[in-house]
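First up is the structure itself, then whatever we jot down about it.
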Amino acid sequence: MAMYSHPFYFLPLLLLFLSNVSAIPTQQQQTLNLPATGPGKWTDPPSADETGNLIFNSLNGFLKHQPNALYRNGHAIVAGTVNPGTLLYHGSNRNCTKNPPDTPEWVSFDPEHSYLFGSRMYTFQVSRPLKVLYFDGSSAAKMPSGPIDTQEILLYGELEEDMGWRKEGQHITDLCEWGKEFGLDGFLRMEFDFEIMICDFSVGLEVVSVLDLLPTHGGPGGRPHAPCEPEDEPSVNDTIRSPPAQEEGWDNLGPHLLPPYGPPGPGGPGRRRPDQPITPPPGWVGSLRPGRSFYAEAIQAGNWHDLPGLGLSVQLDYTRMVTFFDPKYKSLVHARRIQRNKGVFRAGNVTKADAGVMLAELSEMLRSWDHTLSEGRGIQYSWATIVQTIVERYSERLEYLSLILGGARSEALGRFNVTESIQRARWQVLTMLNPYMPVSSLPAVLDRGGSTWLDPTIRQCSDLYTSRIPSSGLTSAERLIKDAVGTVAREICRSLGIIWLDAFGVESRTEKEQIISMAKWYGEVKRLMGWLGWASWTEFAACSPACGAHEFCALPQWPEDMHNDNGGEELDRPYCHSRGLDD
């Protein structure tokens, strides 16, 4: 992940701004000059070990594809229900009958995803609320770098040795056995698309149809889609869900262990074996689509689930959530200090003692689930709405402010227009603070050395979302969420406030002073955006240059980019994926 807190991050920009003015000592330009701080002052920055922003980011990403593809290593486990009427799909080449699976199996919310696992397509409709446990992040990505940590910790209290991330069949069996005590119907995860591990297909699901769909040239793993495989052969589900570790070497592996269509490569489906021909069904005329194109369509289907995500099909119970970003798990603090990069934080660094605390808390939450559902609760706060409101209010505006400060140049004049950029930036900050700025608090005389006149504005801005929610009636999970919301709101408002203290009277200063101020504001905005790390920003969500007609833009994701499983920054930049229609 890009880190914007480095003290020299915006130094090149500052030097660019100063290209037509006299030289100024750069060491004096790195941070905004703030009034003296004291205990509890709004100008005080958050602790370096603060996790409220990380918890908020998890909440904002629940059931959405983009945030979970960006931050693969999930830390939260949340109870939820799948709504009646939801359609779910299961593809198989192994089941030679048309009966539903009689053992735990995987289903997807999109037929394109399930089709990769077999051309016999089962369509189910949920007939009653299904109780599920949701693991955030790319928790179905079979990668050794952390996406399935929370599942292994739940099951075994620690990470498995001997490449436990490859043991999908064992994990689904063990999870379903563990969940019996709590009446769980399944476990919700995200691969490149969302899926559910269903424990028992005989309850809560009605069969809508069982169809033998068209085969393709080259099915998952390079194998053809055939209508049915003998029972003694390994199923596609068995093979595709257990890819190898990178260090084993792609070229030394049997074909059944490769991800779809061979070893992945950047910019498309990657290096693969040629499509294997298959006999079309009787009556078919013309060519069949290549298997790689169906893989690309499955990837794209997963990318649909961002707004509103799966929130219309799945209801998460925010009163029953545990997260390893909870500050009480002290054993994870040191690892985060070392790593610093949000994208590689791992729940797997937790000690067995802290893991035991989490498991005990989660178990207690789930034991009381039925009782709470039957009796009902009093006030139920829409935490998802509160989080989404904050992101909607500030995401685009902060990015635009960054654009003004970082790229403000007049194309017509071919040089930096200081007056225009200062005015636009100042107005943009005012736009975000204006709803909370009473005119009665404005200073009678401009005092650049004080901040008390801005106290009412920052207090209103910071406390707006949580000040009237009493903690006494909340569960422990909700209190954690409330604190996280308050932490993020305060830091956004604090950052805007310290910029505004400098910007309030900036229009009356010299051009040289204005240039210095803008460079400082830019550094502060980029620091704030890096601290928040929202997946909605263009650097994570848009490809540059734009993709071609036969491509789509998406972040690197399992299984196509498993070879980049090293936690590097290449994992947080989108690129153009081929639709698989090229020859």
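Each residue of the sequence shown is one higher than the last, beginning at 3 in the numbering used here.
Cβ coordinates follow ideal geometry from the N, Cα and C atoms, glycine included.
- [ ] Rounded to whole angstroms, what's the CA-CA distance from Ile280 to Ala298? Just pull it up for me.
- [x] 20 angstroms
- [ ] Report the option in Trp560, Cys545, Pro561, Gly507 whose CA atom is closest to the CA atom of Phe2.
- [x] Since the first residue shown for the chain is 3 and the last is 585, residue 2 is missing from the structure and cannot be characterised.
Task: Where the alpha helix (DSSP H) containing Glu179 begins and where it ends - done: 170-181
- [ ] Take Cys463 and list the residues in its own chain whose beta-carbon comes closer than 6 angstroms to its own, dropping the five residues that flank it on each side.
- [x] Tyr438, Cys495
TODO: For Trp385, count neighbouring C-beta atoms within 10 Å of its own C-beta (all shown protein chains included) and say buried if the count is 16 or more, exposed if not.
DONE: With 16 or more other Cβ atoms from the protein chains shown falling within 10 Å of its own Cβ, Trp385 counts as buried.
Open item on the list: Using the three-state DSSP reduction, which class does Phe542 fall into: helix, strand or coil?
Closed with: helix
Task: Spatially closest choice to Phe126 from Tyr320, Leu135, Leu177, Pro113, by CA coordinates - done: Pro113
- [ ] Put Ser367 into one of helix, strand or coil per three-state DSSP.
- [x] What sits at residue 367 in the sequence shown is Met, not Ser. Met367 falls in the helix class under three-state DSSP.
Task: Residue nearest to His552 in terms of C-alpha spacing, selected from His579, Gln559, Thr175, Lys332 - done: His579
Task: Residue from Ser140, Ser423, Ser519, Lys133 whose Cα sits closest to the Cα of Arg348 - done: Ser140
Task: Candidates Ser116, Gly87, Met145, of which the one nearest Val346 by Cα - done: With distances taken between Cα atoms, Val346 lies closest to Met145.
Task: Candidates Trp523, Thr353, Arg481, Ala300, of which the one nearest Gly499 by Cα - done: Trp523
Task: Collapsed DSSP secondary structure at Phe119 in the structure displayed - done: coil
- [ ] Within 10 angstroms of the Cβ of Asp574, are there 16 or more other Cβ atoms? Answer buried if so, exposed if not.
- [x] Residue environment: Asp574 is assigned as buried (16 or more neighbouring CB atoms within 10 Å of its CB, all protein chains considered).
Open item on the list: Output needed for Asp151: all residues of its chain with C-beta closer than 7 angstroms, excluding positions within five of it in sequence on either side, in chain order.
Closed with: Asn75, Leu161, Arg348, Ala349, Gly350
TODO: Give a yes or no on whether the minimum CB-CB distance between Met145 and chain B is below 9 angstroms.
DONE: Absent from the structure is chain B; it holds one protein chain and no more.
Task: Classification of His336 by the beta-carbon crowding that lies within 10 angstroms, buried from 16 upward - done: Counting Cβ neighbours within 10 Å, His336 comes out exposed, since fewer than 16 surround it.
- [ ] Pull up the CB-CB distance for Asp214 and Ser289, whole angstroms please, since I reckon it's below 8 angstroms.
- [x] Here Asp214 is actually not in contact with Ser289; their C-beta atoms are around 19 angstroms apart, not less than 8 angstroms.
TODO: Taking Gly1 as the reference, give the member of Leu557, Met434, Ala548, Leu534 with the closest Cα.
DONE: The first residue shown for the chain is 3 and the last is 585, placing residue 1 beyond what the model contains.
Task: CA-to-CA distance, Leu314 to Trp108, given in whole angstroms - done: Note on geometry: alpha-carbon atoms of Trp108 and Leu314 lie some 20 angstroms from one another.
TODO: Could you check which residue in Ser110, Gly488, Arg369 has the C-alpha nearest to that of Thr468?
DONE: Per the Cα distances, Gly488.
TODO: Please classify Ser384: does DSSP put it in a helix, a strand, or coil?
DONE: DSSP places Ser384 in coil when its eight states are reduced to three.
- [ ] Evaluate the contact criterion for the segment 95-105 versus the segment 55-65: three or more CB pairs, one atom per stretch, below 8 angstroms.
- [x] With the rule of 3 Cβ pairs closer than 8 angstroms, the segment 95-105 does not count as touching the segment 55-65.
TODO: Report the rounded CA-to-CA distance for His307 versus Leu118, giving the unit in angstroms.
DONE: Straight-line Cα distance between these residues: approximately 18 angstroms.
Task: Element boundaries [beta strand (DSSP E), containing Thr83] - done: Its beta strand (DSSP E) spans residues 78-84.
Open item on the list: When you compare the CB positions of Leu435 and Trp502, do they come within less than 9 angstroms of one another, or not?
Closed with: Taking 9 angstroms as the Cβ cut-off, Leu435 and Trp502 qualify as a contacting pair.
Task: Meets three-Cβ-pair contact criterion under 8 angstroms: the segment 472-481 and the segment 506-521 - done: no
TODO: Can you say whether Gln172 is buried or exposed, counting buried as having 16 or more other CB atoms within 10 angstroms of its CB?
DONE: Exposed: under 16 other Cβ atoms inside 10 Å.
Open item on the list: I'd like to know whether the C-beta atoms of Ile79 and Leu135 end up nearer to each other than 9 angstroms.
Closed with: yes
Open item on the list: Nearest by alpha-carbon distance to Phe137: which of Arg168, Ser129, Met199 is it?
Closed with: Met199
Task: 6 angstroms CB neighbourhood of Cys178 in its chain, flanking five on each side removed - done: Pro106, Cys201
- [ ] Please work out which residues of its chain come closer than 8 angstroms, Cβ to Cβ, to Arg339, disregarding the five sequence neighbours upstream and downstream, and give them in chain order.
- [x] Ala50, Asp51
Task: Whether His77 touches Phe327 by CB criterion (9 angstroms) - done: Result yes, Cβ atoms of His77 and Phe327 sit closer than 9 angstroms.
Task: Met199 - DSSP class collapsed to helix/strand/coil - done: strand
Open item on the list: Given a cut-off of 9 angstroms on the beta-carbon distance, is the pair Leu364 and Leu156 in contact?
Closed with: yes
Open item on the list: Run through the DSSP bridge pairs and tell me what Trp44 is partnered with.
Closed with: Paired residues: none, contrary to the question.
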